[in-house]
Structure formats: structure tokens, C-alpha cells
Amino acid sequence: MLTPCANSRLKRKMLETQTQCSEEKEEPRELDSKIGKVDRMLGSPQDPNVRSRAIFILENASLKKGLVKKEWKILNSHDDANVLLKQNKSLNDYRPDIVFEALRSIIDSPLNKYGLVEAIFVKIDGGALFEIKPHVRIPRTCKRFCGLIVDLLRKSRVCAKDTNEVLIRIVEEPVTRHLPVNSHIVGLSYSSKKVVHIDDYVSSLSDHMTPVFVVGAMVNGKVKEDHTHDYISVSDYPLGAKCCVSLICDALEQKWKLF
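No gaps in the numbering here: position 246 of the sequence shown is 246 in the UniProt record's numbering, and each next residue is one more.
See below:
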């Protein structure tokens with residue numbers, strides 16, 4: 001008959017043995033899963049579905065700086081309505097939330113999580129052109145995002161605190177000078193007479209070209225056809241920038257089988 005102490009040691013040993021067996025069974029599966037994710041996130045040649053990474057350009061973003069109560073900020077139609085109306089400004093021209101939501105949609109997409117967004121460019125309405133690295137974690141609120149843009153316009157760049165890596169930077173125009181030679185630039189506009197089904201359109205794009213999608217981040221106006229190789233509409237109805245980039249990301253994920 002075992003003593004209470006010996007019985008306790010025996011139970012502990014049995015528990016350790018069960019834990020070790022469980023870990024030995026689980027380890028190969030976890031390792032295989034991690035390897036698969038790394039290969040596909042890098043868009044490696046091992047994945048036959050992926051040939052090039054996508055680039056997004058958000059045009060005419062409503063990111064206009066103004067001085068309110070002796071403090072510089074990005075003006076918006078909600079908080080600064082009284083000031084803007086006194087100056088006879090249209091509130092539709094002060095919508096930083098549009099580009100903020102579009103950026104969030106791109107950065108948080110599975111397409112970007114897999115590492116298949118090569119670059120993101122934003123053209124401020126009547127202002128600067130800047131590039132955002134796809135791996136950046138932008139602020140989760142529009143107010144904090146606007147504060148980040150104020151810093152960018154003042155310093156021309158935003159760097160990571162720990163590594164000093166340049167995460168957002170103002171670049172020289174035109175944007176075409178920053179695109180790969182094999183780029184296929186597609187402008188999206190409700191005004192285009194060429195209405196396409198986005199899934200079919202993206203599937204038909206050559207795997208040897210870098211797809212560049214130009215989306216308007218404004219309430220009124222349209223994307224210019226300059227420097228575009230194709231000019232399309234993805235709906236019979238006007239869509240917001242967030243909706244457009246979501247449709248594009250989803251179509252690319254379907255094409256490259258990113259599940």
C-alpha cells in the first residue's frame with residue numbers, strides 16, 4: 001500500500017507524462033502551421049498563386065491643417081463646423097474620417113496581414129503626397145490619427161520610437177516616380193462608363209504586373225485619369241473609399257486564395 005507521499009509523487013509523475021505526450025503530439029502541427037504562414041506572408045515563390053504585391057493610392061484626402069484656439073490641427077466637419085461655416089467653407093471638404101477609415105480597411109485586411117500590400121500612398125487635397133508603410137499600426141481613433149498627420153506635416157516624417165524606422169514620410173510628386181516599372185495603374189470612379197465586376201476584373205489582371213489601385217478619399221469630385229492604364233467603376237452607385245478598398249482587397253484575397 002502506498003503512503004500518501006508516495007501516492008502524491010505517482011500522480012504528479014503521471015500528470016507530467018500525460019503533458020509531455022500531449023506536447024509531442026501538438027508540436028509538429030504548430031510548427032507546420034507557422035512555416036506555412038511565414039511563406040505566404042512573404043509572398044514567396046513557394047506559393048504559386050502570388051506573383052506581385054498590390055499598391056494603393058488614396059487621392060484628394062481631406063487632411064487640411066488649420067489654427068484653432070492657437071493650436072494647429074486637422075480640421076473636420078464635426079468638431080470645427082462653426083469655424084468653417086463662418087468662413088463659408090463647405091463641410092464636405094473637411095472629412096479626414098474618410099481617408100482614416102480607408103487606411104484602416106487596407107492595413108487591417110487579410111491581404112496586408114499576409115504581407116501582400118507593397119505600398120500605400122495618400123495625396124492630400126491641394127497638399128502633400130505621403131507614403132505609409134503597410135506594417136504601420138495607425139491610431140485606432142480618427143482624432144489621434146489627425147494628430148499624427150499634424151506631426152507629419154511639421155516634420156515631413158514620422159519614425160518609430162524604438163528603432164527610429166521611418167514609418168510615414170512625405171515624398172516628391174508625382175506618385176508615378178515611386179511605382180515599379182511593371183505597374184498597372186487602375187483608377188476607380190463612379191463617373192467611369194466602364195462598369196466591371198471587381199472579382200472578375202482582378203482575376204483577369206496579369207500576374208506579371210503590379211496592380212496599383214487609385215481610389216478617391218473625398219466626398220465630391222473624381223479620380224483623375226492622368227497616368228492611369230485603366231479607368232473603371234465597380235458599382236452602378238457611388239461608393240465610399242472604405243467600401244472600394246474593401247472590395248479590392250477581398251477580390252485579391254480570392255484571386256490569390258488567401259484564406
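In this text, a Cβ means the ideal position worked out from N, Cα and C, and glycines have one as well.
Limits of the alpha helix (DSSP H) - the one that residue i falls within
i: F145; result: 142-155
i: D230; result: No alpha helix (DSSP H) holds D230; the beta strand (DSSP E) holding it covers 230-232.
i: L67; result: Counting along the chain, L67 falls outside any alpha helix (DSSP H), though it belongs to the beta strand (DSSP E) covering 65-68.
i: I132; result: No alpha helix (DSSP H) holds I132; the beta strand (DSSP E) holding it covers 129-132.
i: R104; result: 96-107
i: residue 260; result: Any question about residue 260 goes unanswered here, given that the chain covers just 1 to 259.
Close-in-space but distant-in-sequence residues of the same chain around residue i (CB under 8 angstroms, 5 per side omitted)
i: H184; result: L205, S206, M209, T210, P211, V212, H229, D230
i: G221; result: N60
Separation of residue j from residue i, as counted between CA atoms
i: E172; j: K194; result: 31 angstroms
i: V122; j: L58; result: 5 angstroms
i: L116; j: S189; result: 24 angstroms
i: V136; j: D97; result: 18 angstroms
i: A54; j: G147; result: 28 angstroms
i: V223; j: F259; result: 31 angstroms
i: D80; j: V202; result: 40 angstroms
i: I35; j: Y114; result: The predicted position of I35 is uncertain, since its pLDDT is 24 and thus under 50; a value taken from the coordinates is nonetheless stated next. Going by the C-alpha atoms only, they are around 13 angstroms apart.
i: D162; j: R154; result: 21 angstroms
i: V158; j: I149; result: 9 angstroms
i: T176; j: S235; result: 26 angstroms
i: R243; j: F145; result: First, the residue type needs correcting, since residue 243 is Cys and not Arg in the sequence shown. Taking the straight line from one Cα to the other gives about 20 angstroms.
i: N112; j: P134; result: 7 angstroms
i: V83; j: M218; result: 20 angstroms
Close Cβ partners of residue i (< 7 angstroms) along its chain, the five nearest in sequence each way excluded
i: I124; result: A61, L63
i: A160; result: L167
i: I232; result: V186, L188, S192, K194, V196, Y201
i: C142; result: P96, D97, F100
Residue i: first and last residue of the uninterrupted beta strand (DSSP E) it sits in
i: F213; result: 210-216
i: I185; result: 183-188
i: N60; result: 54-61
i: F259; result: From DSSP, F259 is part of no beta strand (DSSP E); its letter is neither H nor E.
6 angstroms Cβ shell around residue i - same chain, five flanking residues per side excluded
i: I248; result: F213
i: L152; result: V158, I168
Supposed contact pair residue j and residue i - C-beta distance, whole angstroms, cut 8 angstroms
i: P180; j: H227; result: The pair is not a contact, with the Cβ atoms about 14 angstroms apart (cut-off 8 angstroms).
Quick check: the region 96-108 against the region 160-167, are at least 3 beta-carbon pairs closer than 8 angstroms? no
Is there contact between the region 245-259 and the region 121-136, where contact requires at least three CB pairs shorter than 8 angstroms? no
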